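For reference, the structure is listed below as structure tokens.
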Amino acid sequence: MSTSTISRRNFLRATGITGAALCLGFSFSADGKANVIVATDADQSAIEMNAWIKIDASGKVTLVDHRAEMGQGSYQSVPQIIAEELEVDLKDVNVIFAQGDPKKYGGQITGGSSTVRDSYKRLLKLSATAREVLIAAAAAKWKVSATDCYAQSGTVIHKPSGKKFHYGELVADASKLDAPKNIVLKKRSDYKLIGKPLHRKDTPMKTNGEAIFGLDKKLPGMLYAVVERNPRFRGKVKSFDAAATKKIPGVKHVFVVKMEVFNTIREGVAVVATSTWAAMQGRKALKVIWDDTGFEHVNIADIYTRQHEELKKEGLFFKKQGDPDGILTKAEKMLDVVYQTPYQAHSAMEPLNCIAHYQKDKIEIWGPIQAPDWVQGDISQKFKMPIDKVRVNMTFLGGGFGRKAFLDYPYEATMISKQIDGPVQVIWTREDDTTQGPYRAGISYRAQGAIANGQIMAVKFRMAGQNIDHWSDPKRGVANSSTTEGFLAPYFESIKNISFADVPFEMPIPNMWWRSVYASTNGFAYESFIDELAHEAGKDPLDFRRAYLKDERCQKLIDKLEEVSGWKSRKKNEGYGVAITECFSSTVGQIVKVSQKAGGGIIIDKVWAVMDCGWYVNPDIIHAQIEGSIIMALGAATTHEITFKDGLVEQRNFYDYKMPRITDIPPIEVHIIDNDADAGGVGEPGLPAFSPALTAAIFDLTGKRIRKLPFDMANI
Amino acid sequence: MTSITVNGKQHQIDADPNMPLLWVIRDIIGLTGTKYGCGVAQCGACVVHLNGDAVRSCVTKLSRAAGQQVITIEGLSANNDHPAQQAWNEENVPQCGYCHSGQIMSAAVLLRENPNPSDADIDSAMAGNICRCGTYLRIRKAIHLAAELQRKEGASK
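Those sequence lines, one after another, are chains A and B.
At position 233 of the first sequence the residue is numbered 233 (full-length UniProt numbering), and the sequence of numbers has no breaks.
At position 53 of the second sequence the residue is numbered 53 (full-length UniProt numbering), and the sequence of numbers has no breaks.
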């Protein structure tokens, strides 16, 4: 964004009975460039008014979190950025969630670890602009030079005299001023908030029950619904018998409801009642006969058998350099192995739910929603309602991990609300959440490579697994756009002969982004194979990476990993493994140390993680995200997997889809590399390196290569 | 009608006596701090205190709570200042926060029964509570801090 795009028009005059309020925001022109625009009150201004900051005449500051808060910390990091340049104390500001409104906020999809890296430059600028306007207003009131004034803790202070105005006293005057140009942003070394491990503003309300998650939102007259959906992901209701259901006290309505999952239709029978429990009891009494003709009833073993078979084909090349085929054909010895990764459910602690209130002239939605702007657009289109008549409200999300960016559950809730002509909360049981997808796809990988004189001569990777893109895009014949996700770009500088291919693989199982997306499975295959090549070359696996990852940031990360983990002083086959992956513009390296458990099995003694995410806001949130990512990866590698039998999911709840518990958690030590690179993602990049580092550590200790996830640590 | 006392306040509940306490508390009484996570006593998001014991409200029938004292997260302390709550804030434990009502209610019983818990004591008392965000290391740290705060509070009384 350039300073020249700052609007020169006067601020709008404040109106309304609550007095003046100053709002700043951005609009996005058709060419995608941001324009700073300034106005007085979001509610009074035209649609292009985009507000993150609101200051009223009493001095109360309200900041907007335009992204979803699902644990990753946007509710803290967005205000922490704004407060730095605005010069307000975080304890004094009120934070609210934006509604879905891409015209105001730009894209709001909270995914791809994008909140800070997409927003921070414009938020800094926007906040500094607001501060300078307030300083200018104070200087004009005092008839002094603005350069003699400064802002601090929500006040403007005249340095020579010590006179003060709080921001509220200035908003009416500020609203009549032009937006200043040539805003100077603070140096990173002058930050008082950014870069500090501040306490999160949402913590207190998450320790006394006050935080409102989707399931906690209530509307007057709201009914509760559960839905018995076709258990094979798609297809229709042939018939149903609700006689017993209707006898359950509290049950009000029973009817067929349609859900669209991308291009597939999935019907279910909705039971709507006066309480969640009554709806659940009604559903238990329901008898439904399904029509799922035309859909294959798959079994998990067949999926992997087919994938392994497909991996014999070349597939569609995504990236190829040099002549890996020529070299591998002539190689004296070729490593040729297959890695396998499991289907995974997201299993956020808060199961899916959504409130919808359909009315003739408007629709309002409340829920744990990762993409309020997408939901708004989808509902507007599907229900033929003007976009400004669709209001989508984000609550706190009890976890998301990608699942809550899907559009199916708000759509279904709106269908039910329309049918009953009133507000309704649709609750997915844990069993629904586990059995109905969409899932992270299970993917198999084939890796081929040759080593000569301790050097990589050629590497060839191919993957066979479902492609998320295929749910929304009927185009085929193009390789998965995420084929290399997770793989470090500097390898392409040093491995001269390398190729990546995607072997098309279709299955009637809905699949979707799952935290760190393809990097979560690619990372396991690609980094495991680098470890195998290092072993084949007779090289130390960390030194091997040091030789191939010549990029300066990677070198620093490797040095840091070595230093913090005591890698050099380890003994031979003591149980150390390393992996390094990149996703969403951040690189994370991990070293795992394992040992043999008394009585059999493997125990993880320690995990070291080093994160390079460039510019960052809150180091404590980064630590927390990496700790959590490692534990999520631990579960996906060792304790849970979604499997299918006759087209049905075999797992139902936490007794057979087992999460890691406090008893399973190794010590985790996190380090952040400081540099001045642009901000990278934080919520996901900590995940992919864990499983290849773990299996490399097990190989180091036992000589056993694990190429299939999940595996049971007790049986090694 | 079933009479139960929740956070010191008596309620006359007109509902199926088989309705789990979880849904009575959430849908009828309107206290939403107690969470639904699994419905089958696997995750601990719904833990409340029934006469001082930690119970899974998702499998505790309303009839079992008749005439009894129930404490939910909203009633654990007046000002979010139970030692566990203070420690949870100090150690920045929650991420999404959904499971932490249950985590804190489980920890509160542990801290009452065992004022100086070891790591192993904490693990065994907290193994019934799942956190999908993976805040376990901080939970352990916070319980140690809470024990310390509790001892200090005891000493100052």
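Heads up, the beta-carbon is just placed ideally off N, CA and C, and yes, glycines get one too.
All of these numbers come straight from a predicted model, not from anything done at the bench.
Residues within the stretch 90 to 102 of chain B neighbouring chain A, beta-carbon criterion of under 9 Å: For the stretch 90 to 102 of chain B, residues whose beta-carbon sits nearer than 9 Å to a beta-carbon of chain A comprise Glu90, Asn92, Val93, Pro94, Gln95, Cys96, Gly97, Tyr98, Cys99, His100, Ser101.
Secondary structure of Asp216 (chain A), DSSP reduced to three states: By 1-based counting over the first sequence, the position of residue 216 (chain A) is 216. Three-state result, Asp216 (chain A): helix.
Buried versus exposed, by CB contacts within 10 Å (16 or more), Phe233 (chain A): Against the first sequence, residue 233 (chain A) aligns to sequence position 233. Around the CB of Phe233 (chain A), 16 or more other CB atoms lie within 10 Å, so the residue is classed as buried.
Contact check, Leu687 (chain A) vs Arg545 (chain A), beta carbons under 8 Å: Locating residue 687 (chain A) in the first sequence gives position 687, counting from the first residue. Locating residue 545 (chain A) in the first sequence gives position 545, counting from the first residue. Between Leu687 (chain A) and Arg545 (chain A), the C-beta spacing is not below 8 Å.
Distance CB(Met70 (chain A))-CB(Gly437 (chain A)) smaller than 8 Å: In the first sequence, the residue the question calls residue 70 (chain A) occupies position 70. In the first sequence, the residue the question calls residue 437 (chain A) occupies position 437. Between Met70 (chain A) and Gly437 (chain A), the CB-CB gap reaches or exceeds 8 Å.
Extent of the continuous beta strand (DSSP E) run through Ile303 (chain A): For this step, residue 303 (chain A) is matched to residue 303 along the first sequence. Premise fails: Ile303 (chain A) lies in the alpha helix (DSSP H), 300 to 310, not in any beta strand (DSSP E).
Nearest-angstrom Cβ-Cβ length linking Lys206 (chain A) and Gln76 (chain A), presumed shorter than 8 Å: Walking along the first sequence from the start, residue 206 (chain A) turns up at place 206. Walking along the first sequence from the start, residue 76 (chain A) turns up at place 76. A Cβ-Cβ separation of about 12 Å leaves Lys206 (chain A) out of contact with Gln76 (chain A) under the 8 Å criterion.
Test item: CB-CB of Met105 (chain B) and Val59 (chain B) under 8 Å: Numbered from its first residue, the second sequence carries residue 105 (chain B) at position 105. Numbered from its first residue, the second sequence carries residue 59 (chain B) at position 59. Between Met105 (chain B) and Val59 (chain B), the C-beta gap is not smaller than 8 Å, which leaves the two residues out of contact.
Neighbourhood of Ala107 (chain B) by C-beta, 6 Å cutoff - its chain only, sequence neighbours within 5 removed: Here residue 107 (chain B) corresponds to residue number 107 of the second sequence, with the count starting at 1. The residues are Ala84, Ile143.
Met1 (chain B): contacting residues in chain A (beta-carbon distance under 8 Å): Taking the first residue of the second sequence as position 1, residue 1 (chain B) is located at position 1. The contacting residues do not exist; Met1 (chain B) stays about 14 Å from chain A at best.
Through-space distance from Met512 (chain A) to Val261 (chain A), alpha-carbon basis: Indexing the first sequence from 1 puts residue 261 (chain A) at position 261. Indexing the first sequence from 1 puts residue 512 (chain A) at position 512. Rounded to whole angstroms, Val261 (chain A) to Met512 (chain A) spans 11 Å at the Cα level.
Integer Cβ distance of Ala598 (chain A) from Ser691 (chain A), believed to fall under 8 Å: Reading the first sequence from its first residue, position 598 is the one you call residue 598 (chain A). Reading the first sequence from its first residue, position 691 is the one you call residue 691 (chain A). The C-beta distance from Ala598 (chain A) to Ser691 (chain A) rounds to 25 Å, too long to meet the 8 Å contact threshold.
Own chain residues within Cβ distance below 8 Å of Glu267 (chain A), not counting five before or after: Within the first sequence, the letter at position 267 stands for residue 267 (chain A). Excluding residues within five positions, the ones whose Cβ falls inside 8 Å are Arg229, Asn230, Gly235, Lys236, Val237, Val256, Val257, Lys258, Met259.
Burial state of Tyr655 (chain A), where buried means 16 or more other Cβ atoms lie within 10 Å: On the first sequence, residue 655 (chain A) is found 655 positions in, with the first residue counted as 1. Exposed.
Phe318 (chain A) beta carbon less than 8 Å from that of Asp502 (chain A): Here residue 502 (chain A) refers to the residue found at position 502 when the first sequence is read from its first residue. Here residue 318 (chain A) refers to the residue found at position 318 when the first sequence is read from its first residue. At the C-beta level, Asp502 (chain A) and Phe318 (chain A) come within 8 Å of one another.
Best match in A:Asp646, A:Trp142, A:Ser444 for proximity to His297 (chain A) [C-alpha to C-alpha]: In the first sequence, residue 297 (chain A) corresponds to position 297, counting from 1. Here the closest residue by C-alpha is A:Asp646.
Alpha-carbon to alpha-carbon, Arg570 (chain A) and Ala371 (chain A): Taking the first residue of the first sequence as 1, we reach residue 371 (chain A) at position 371. Taking the first residue of the first sequence as 1, we reach residue 570 (chain A) at position 570. So the alpha carbons of these two residues sit roughly 46 Å apart.
Cutoff 8 Å; reference Lys550 (chain A); Cβ partners in own chain excluding five residues on either side: What you label residue 550 (chain A) is simply residue 550 of the first sequence in a count that begins at 1. Cβ within range, chain order: Pro490, Glu493, Ser494.
Residue range of the alpha helix (DSSP H) that includes Asp408 (chain A): As a first step, residue 408 (chain A) must be located in the first sequence, where it is residue number 408. Residues 408 to 420.
Partner residues on chain A for Ala108 (chain B), Cβ-Cβ distance less than 8 Å: Mapped onto the second sequence, residue 108 (chain B) falls at position 108. Residues of chain A passing the Cβ test: none, with the nearest at roughly 11 Å.
Contacting residues, own chain, Cβ-Cβ under 8 Å from residue 717 (chain A) (five flanking each side not counted): No information on residue 717 (chain A) is available, as it lies outside the stretch 1 to 716 that chain A covers here.
Interface residues of the stretch 378 to 407 of chain A facing chain B [CB-CB below 9 Å]: Close to chain B, meaning a Cβ-Cβ distance shorter than 9 Å, are the following residues of the stretch 378 to 407 of chain A: Phe396, Leu397, Gly398, Gly399, Gly400, Phe401.
Beta-carbon contacts of His623 (chain A) that lie in its chain and below 7 Å, excluding the five residues immediately before and after: In the first sequence, residue 623 (chain A) corresponds to position 623, counting from 1. The residues are Val670.
Contact the stretch 111 to 118 of chain B vs the stretch 57 to 73 of chain B: 3+ CB pairs below 8 Å: Per the Cβ contact rule, the stretch 111 to 118 of chain B is not in contact with the stretch 57 to 73 of chain B (fewer than 3 Cβ pairs under 8 Å).
Opposing strand residues paired with Ser499 (chain A) [DSSP bridges]: Position 499 of the first sequence, counted from the first residue, corresponds to residue 499 (chain A). DSSP, once it has assigned bridges, lists A:Lys320, A:Lys460 as partnering Ser499 (chain A).
Per-residue DSSP class, three states only, for Lys104 (chain A): Residue 104 (chain A) sits at position 104 when you count from the first residue of the first sequence. Helix, per DSSP.
Under 9 Å by beta carbon: chain B residues contacting Tyr655 (chain A): Position 655 of the first sequence, counted from the first residue, corresponds to residue 655 (chain A). By Cβ distance, chain B contributes Cys38, Val40, Gln42.
The stretch 390 to 404 of chain A in contact with the stretch 361 to 377 of chain A per 3-pair CB rule at 8 Å: Yes, the stretch 390 to 404 of chain A touches the stretch 361 to 377 of chain A.
Cutoff 7 Å; reference Pro98 (chain B); Cβ partners in own chain excluding five residues on either side: Indexing the second sequence from 1 puts residue 98 (chain B) at position 98. Before going on, a small fix: residue 98 (chain B) reads as Tyr here, not Pro. Short of 7 Å from the beta carbon of Tyr98 (chain B), and not among the five residues preceding or following it, lie these beta carbons of its own chain, in chain order: Lys35, Ala45.
beta-carbon Ala15 (chain B) near the ligand MG non-hydrogen atom, thresh 7 Å: Annotation note on the ligand MG: not contained in the displayed structure, which lists no ligands.
Closer than 8 Å to chain A by CB, Thr5 (chain B): As a position in the second sequence, residue 5 (chain B) is number 5, starting the count at 1. So, not an interface residue.
Separation of Lys246 (chain A) from Thr62 (chain A), as counted between CA atoms: Residue numbering aside, residue 62 (chain A) sits at position 62 when the first sequence is read from its first letter. Residue numbering aside, residue 246 (chain A) sits at position 246 when the first sequence is read from its first letter. Cα to Cα, Thr62 (chain A) sits roughly 47 Å from Lys246 (chain A).
Pairwise C-alpha distance: Lys121 (chain A) and Ile81 (chain A): To locate residue 81 (chain A), count along the first sequence from 1; it is residue 81. To locate residue 121 (chain A), count along the first sequence from 1; it is residue 121. Using only the alpha carbons, I get a separation of about 9 Å.
Delimiting residues of the alpha helix (DSSP H) encompassing Arg446 (chain A): Taking the first sequence and counting its residues from 1, one reaches residue 446 (chain A) at position 446. Membership of Arg446 (chain A) in any alpha helix (DSSP H) is not indicated; the residue belongs instead to the beta strand (DSSP E) covering 443 to 452.
Short CB-CB distance (under 8 Å) between Asp56 (chain A) and chain B: Position 56 of the first sequence, counted from the start, is the residue given in the question as residue 56 (chain A). Taking a beta-carbon distance threshold of 8 Å, Asp56 (chain A) does not count as an interface residue toward chain B.
Interface residues of the stretch 155 to 178 of chain A facing chain B [CB-CB below 7 Å]: Listed in sequence order: no entries.
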